[in-house]
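Residue numbers (the numbering used here), protein chains in the order written: chain A, 34 to 545; chain B, 983 to 1323.
Following this line, the structure appears as structure tokens:
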């Protein structure tokens, strides 16, 4: 490798170990990153990517192993010490403060002072410069809670760049972004790399990794199982996937689309909720997977939440199995077998500190008829069945859900409904931040249920690929309205993008 | 929508706007009930009556914004008055200076103890400060089992300069219009103005809003929480100065009713109990609103038992109203896809 003799190793992590309460998160983590290069960090959920990233950024302390920065061993006790050494991280769950403004968040922890006071003018200016590169037009005076998820992600990235890092760790920065935003992120990353920054980039989207990375390190079950240098070994997607899953790649599981002729399970007419949902009407047929797509934040999530009864203020006529239903409370929705798998699992789907058992059993206790004393053993048996059906990786039923990896947590959210009679399953971006293997498990299970005629599904996914793969029919939303319906062979990524951006506006207005 | 109209809508949709409206309404009602409400004399009397709760509320607001709560605020004020009146000897004017220093030291130490419990030991703030409130009460009763003690003459400077000897007529006339209590409040406002322009001011909001994010951003969250408790201590110290200036004595139970009223006032002033949100200055307005409510109940001429009862009901109504208003407006603002959490 003569052309690479003068490269500088910025980061070397060797044999890093970390346990969380009996669950091994990282058994043998090794990661290297060189100046001016982008290293992809790949692996299934729970493979230890986030853990090693957080150890490098000083959030966790390793149980064993060595981390060297520019050849010198480092032992960070908190994120501030790592930051002082030029390490910045974009956190998967974001490190933003909801009540501060965009620019205040970007400079948070690295404020400049003039005398004893904060220098807000220069802070705003520098924040604006960075934001303009990533997302021109974002008002930096807005408060974080006013932003859409994609915008928040951009602010998180801007915040890391503001720290002028020598080593930038990006933990799934693209999961909440649209394609155009990803492109501008990549442009920025290339500029940073040209300026001598070393970048560690984590993503579940393979095409992104193939496009932007110089080499990849792959983790599986807490240790790294492969390093591929694209220049030396070529870009072999199949090889990467087989490293991630530990098995040979299977063909993309495209479902045979069927235009369901069955009678409608659910009829929605004129569903409204403030500015978020304007006059939404559609029908859901029996045994159908109905997709909801469009640009991010056009009311898709709100539509599902409204159907799950989360918005008492929503109005409209809803019919489930021929009976009129008022969906103004989550309990009515659940009693009518409309079950929600929310996208934000940490806030809406789980009791993070409670055990797997409690999380799975809880909806039962609250909503169906219960014997006076809870039959613990029987429920535990049911839980074990659910754990094995969805292949949830856990140290036991008593493990707090917090200790599970993201993908396994999402399975718990689905799992808690398994013992219920399901009419309609509402999936709000169920595979966000879930790895390839877990995603396949999840959708395989849902497809099986649908095929057996046990339920219909409304699926919102931010990833168009999922919509193309699994939907029978697809509604495109724009600013709280349904602007197009795609059916059968019309469902492909180009058509979705075209409809989402309202490329031929008049045609869609005629069709909707 | 034009730019100006939308910025007007933003201003109206801020919770501060509703608080301001409530304040104006209260002012009007009180002025109708009390004919001489706007006369200098009664304005001064009201400032004196409201000063302690205003100061304690502002301190409480700082702690709540940082994600904590201080249930020991009232007994802390009591203890500070006891320290002041124990160290001071009426005959020795210099002892007043020592008393000030000792009391400030004790106040800050109380802040540090609360801060260590909340920030470093990670005990829930409600538990820490409920426990320390008994520590302060015990210490205060030890120093002063019954109300009393003595204060140097010049301590009147914190209440009524007119009753001091050897003060020029001009100064007396001035303080008859601008009472010392007003200056104590202004000192508090100035203190927070300076702090809010420093790192610590920003970090108090950041830690209160989301301490995990703040930690990941490199902020020493335990230190920030301790600092918030110590800033609160300064406000409590100012309140205690007012009390001793007024009564020339210390009282171990004097601050008891202040604690919960200050928390209520802070919430009425738009401070979110979940932390990270609200303005210390509007907490001051909240304290004014609550004080005016008490005045209105007083004018309604009902028995003391009903006054207390109605006072409690009004606090709940006011808090619920201001929260409903905020929720309603956030729903409109959050139109671009963020749902309430």
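All residues carry an ideal CB built from backbone N, CA and C; glycine is no exception.
*For the candidate residues A/407, A/201, A/187 and A/123, whose alpha-carbon lies nearest to that of residue 161 of chain A?*
A/187
*For the beta strand (DSSP E) that residue 319 of chain A lies in, which residues bound it at each end?*
Premise fails: residue 319 of chain A is in no beta strand (DSSP E) and is neither H nor E.
*asked:* For the alpha helix (DSSP H) containing residue 1083 of chain B, name the first residue and the last one.
replied: 1077-1097 is the span of the alpha helix (DSSP H), which, as asked, contains residue 1083 of chain B.
*Which residues, taken in chain order from the region 1161-1191 of chain B, show a beta carbon closer than 7 Å to some beta carbon of chain A?*
Shown in chain order are the members of the region 1161-1191 of chain B whose Cβ falls below 7 Å from a Cβ of chain A: 1179, 1180, 1181, 1184, 1187, 1188 and 1191.
_Taking the alpha-carbon of residue 444 of chain A as reference, which of A/456, A/413, A/454 and A/477 has the nearest alpha-carbon?_
A/477
_Closest to residue 98 of chain A by C-alpha separation, out of A/115, A/59 and A/73, would be which residue?_
A/59
*Do we get a CB-CB distance below 8 Å when we pair residue 1286 of chain B with the residues of chain A?*
No, residue 1286 of chain B lies away from the interface with chain A (no Cβ there is under 8 Å from its Cβ).
*Excluding sequence positions up to five away, which residues of its chain have a Cβ less than 7 Å from the Cβ of residue 236 of chain A?*
Only 205, 207 and 242 meet the Cβ criterion.
_I need the boundaries of the alpha helix (DSSP H) containing residue 1238 of chain B, first residue and last residue._
Segment: none, residue 1238 of chain B is in no alpha helix (DSSP H) and carries neither H nor E.
*For residue 122 of chain A, which beta-bridge partners are listed by DSSP?*
According to DSSP, residue pairing for residue 122 of chain A in a beta bridge involves A/202.
*If you draw a straight line from the alpha carbon of residue 168 of chain A to that of residue 462 of chain A, how long is it in whole angstroms?*
23 Å
*residue 299 of chain A - DSSP class collapsed to helix/strand/coil*: DSSP places residue 299 of chain A within a strand segment (E or B) once states are collapsed to three.
*residue 69 of chain A and residue 229 of chain A look like a contact to me (Cβ under 8 Å); what is the Cβ gap, rounded to whole Å?*
6 Å
*For the region 81-101 of chain A, which residues have a beta carbon sitting closer than 9 Å to at least one beta carbon of chain B?*
87, 90, 91 and 92
*Where does residue 299 of chain A land, buried or exposed, given buried means 16+ other C-beta within 10 angstroms?*
Burial call: buried.
*Kindly indicate the opening and closing residues of the alpha helix (DSSP H) around residue 70 of chain A.*
Here residue 70 of chain A belongs to no alpha helix (DSSP H), and DSSP marks it neither H nor E.
*Cβ of residue 102 of chain A within 8 Å of Cβ of residue 66 of chain A?*
Residue 102 of chain A places its beta carbon 8 Å or farther from that of residue 66 of chain A.
*Proximity of residue 1129 of chain B and residue 1227 of chain B at Cβ, strictly below 8 Å*: No, they are not a contact pair.
*How big is the Cα-Cα spacing for residue 1221 of chain B and residue 1052 of chain B?*
15 Å
*What separation, rounded to the nearest whole angstrom, lies between the Cα atoms of residue 1153 of chain B and residue 1278 of chain B?*
33 Å
*asked:* Is it buried or exposed, residue 252 of chain A, if we count other Cβ atoms within 10 angstroms and call 16 or more buried?
replied: It is buried - the Cβ of residue 252 of chain A has at least 16 other Cβ atoms within 10 Å.
*Specify, as a first and last residue, the run of the alpha helix (DSSP H) that residue 138 of chain A falls within.*
135-140
*Select from the region 1189-1213 of chain B all residues with a C-beta closer than 9 Å to any C-beta belonging to chain D, and list them in chain order.*
Included in the structure are the protein chains A and B, with no chain D among them.
*Give the straight-line distance between the Cα atoms of residue 7 of chain A and residue 190 of chain A, rounded to the nearest whole angstrom.*
For chain A, the structure presents residues 34 to 545; residue 7 of chain A sits outside this window and is missing.
*Is the region 76-95 of chain A touching the region 115-124 of chain A in the sense that three or more CB pairs, one from each, lie closer than 8 Å?*
yes
*asked:* Going by C-alpha to C-alpha distance, which of A/516, A/518, A/525 and A/484 sits closest to residue 502 of chain A?
replied: A/525
*Given that residue 116 of chain A touches chain B, what residues does it touch there, using C-beta distances under 9 Å?*
1199 and 1200, listed in chain order.
_So residue 1259 of chain B contacts chain A; which residues on that side make the cut at Cβ distance below 8 Å?_
132
*Residue range of the unbroken beta strand (DSSP E) whose run includes residue 253 of chain A*: 248-253
*So does the region 507-519 of chain A actually touch the region 315-331 of chain A, counting three or more Cβ pairs closer than 8 Å?*
yes
*What do you get for residue 1231 of chain B, buried or exposed, if any count of 16 or more other CB atoms within 10 angstroms of its CB means buried?*
buried
*Kindly indicate which residue of A/440, A/387 and A/403 has the alpha-carbon position closest to the one of residue 431 of chain A.*
Residue 431 of chain A has its Cα closest to that of A/387, out of A/440, A/387 and A/403.
*So, residue 446 of chain A versus residue 355 of chain A, is the Cβ gap smaller than 8 Å?*
no
*residue 306 of chain A, DSSP secondary structure in three states*: strand
*In whole angstroms, what separates the C-alpha of residue 1264 of chain B from that of residue 1251 of chain B?*
5 Å
*Counting only runs of 4+ residues fully inside the region 416-495 of chain A, write out the alpha helix (DSSP H) ranges in chain order.*
439-448 and 469-484
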